[in-house]
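Numbering (my numbering), first residue to last: 2 to 258. Quick reminder that beta carbons are idealized off the backbone N, C-alpha and C, glycines included. Report on the following structure.
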Amino acid sequence: MKKIKAVIFDWAGTTVDFGCMAPVQAFVEVFKQYGIEPTMEEVREPMGMLKIDHIRTMLKMDRIKNLWKEKYGNEPGEEEAQKLYAIFEEKLLSILHLYSDPKPGVVDVVNKLRRNGYKIGSTTGYNDKMMEIVVPAAKEKGYEPDVWFSPDSTNQKGRPYPYMIFRNMEALDIKKVRRVLKVGDTVSDIKEGKNAGVWSAGIVVGSSEMGLSLEEYEALSKEEKDQKCDEVAQKFIDAGADKVFYTIEDLAAYLLG
Numbered sequence: 002m003k004k005i006k007a008v009i010f011d012w013a014g015t016t017v018d019f020g021c022m023a024p025v026q027a028f029v030e031v032f033k034q035y036g037i038e039p040t041m042e043e044v045r046e047p048m049g050m051l052k053i054d055h056i057r058t059m060l061k062m063d064r065i066k067n068l069w070k071e072k073y074g075n076e077p078g079e080e081e082a083q084k085l086y087a088i089f090e091e092k093l094l095s096i097l098h099l100y101s102d103p104k105p106g107v108v109d110v111v112n113k114l115r116r117n118g119y120k121i122g123s124t125t126g127y128n129d130k131m132m133e134i135v136v137p138a139a140k141e142k143g144y145e146p147d148v149w150f151s152p153d154s155t156n157q158k159g160r161p162y163p164y165m166i167f168r169n170m171e172a173l174d175i176k177k178v179r180r181v182l183k184v185g186d187t188v189s190d191i192k193e194g195k196n197a198g199v200w201s202a203g204i205v206v207g208s209s210e211m212g213l214s215l216e217e218y219e220a221l222s223k224e225e226k227d228q229k230c231d232e233v234a235q236k237f238i239d240a241g242a243d244k245v246f247y248t249i250e251d252l253a254a255y256l257l258g
């Protein structure tokens with residue numbers, strides 16, 4: 002992994018929005034609007050996917066599907082998914098600007114990687130319309146990758162499909178997949194990297210898989226933090242991660258150390 006030339010980061014939960022809070026809030030509100038209260042586990046499980054795929058996945062979950070059937074007399078299908086997505090997108094677009102701050106250490110680490118010759122790419126579960134809010138807001142705070150691609154650039158084939166990574170490689174002029182490290186905060190991110198044949202790594206602290214805000218995380222005891230981190234790290238390893246980093250500083254220490 003020492004011959005890496007490009008690092009491709011995810012956005013929410015990896016480089017911005019500690020805990021990946023913006024989409025979670027929007028997903029919960031959308032389902033509540035239809036009289037169904039999803040659990041945090043149900044909301045978080047598909048995180049990292051294209052957002053319409055996320056909603057489709059939630060609607061197929063047994064508990065949600067059964068509650069929907071009880072309430073509306075039919076199993077939810079594509080028509081229901083599209084209706085929920087339209088509300089979801091509106092809600093998310095209205096709050097995204099509040100959840101675009103870079104996570105601690107991101108700006109310094111990315112600048113350090115650049116100074117050492119690394120190219121910085123990015124993929125996301127957001128669409129272009131959402132990224133038009135997130136990208137300039139993050140740039141104002143000092144974080145800007147060299148390139149980014151959403152599922153809009155790959156015919157709506159988001160994670161775990163590998164195509165956003167290949168678009169990054171093309172734009173960054175990287176020939177070999179083993180010169181690329183994909184870094185994310187969800188199982189979908191790990192699968193995206195594995196499917197592309199690149200190195201795949203998870204970031205633990207502030208991840209969607211951990212599901213805690215910065216304030217909630219900092220309120221934990223050292224023992225509680227260690228336990229949470231170990232649980233998330235194991236999820237990434239089980240998903241096939243080549244490497245797990247607790248923080249982005251750990252990633253920099255590994256690549257530059």
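- Between the alpha carbons of Gly198 and Lys72 lies a distance of about 44 Å.
- The shortest C-alpha to C-alpha distance from Ala27 to any of Ala7, Gln228, Glu171, Leu99 is the one to Leu99.
- One thing to note: Leu257 has its Cβ within 9 Å of the Cβ of Lys113.
- Closest by C-alpha distance to Gly185, out of Met50, Glu80, Ala254, is Met50.
- In summary, Lys229 is buried, with 16 or more beta-carbon neighbours lying within 10 Å of its beta-carbon over all protein chains present.
- Under a 10 Å Cβ-count criterion, Arg64 is classified as exposed, with fewer than 16 other Cβ atoms of the shown protein chains found around its own Cβ.
- The three-state secondary structure of Pro163, taken from DSSP, is coil.
- In the DSSP assignment, Ser123 forms a beta bridge with Phe10.
- Ranked by Cα distance from Arg179, the first of Glu217, Asp239, Arg45, Trp200 is Trp200.
- Secondary structure at Ile204: strand, using DSSP grouped into helix, strand and coil.
- In this structure Ile37 does not touch Ala82 by the C-beta definition: roughly 13 Å separates them, more than the 8 Å allowed.
- For Phe150, there is no enclosing alpha helix (DSSP H), as DSSP marks it with neither H nor E.
- According to DSSP, residue pairing for Pro103 in a beta bridge involves Val17.
- Annotation for Lys229: the continuous alpha helix (DSSP H) segment containing it runs 223-239.
- By the CB criterion at 9 Å, Ala242 and Ile166 fall outside the cutoff.
- According to the DSSP assignment, Gly194 belongs to the alpha helix (DSSP H) that extends over 188-197.
- By the beta-carbon neighbour count (other beta carbons within 10 angstroms, threshold 16), Thr40 is exposed.
- Taking C-beta atoms under 8 Å as the contact rule, Ser101 and Val44 fail to qualify, at a distance of about 20 Å.
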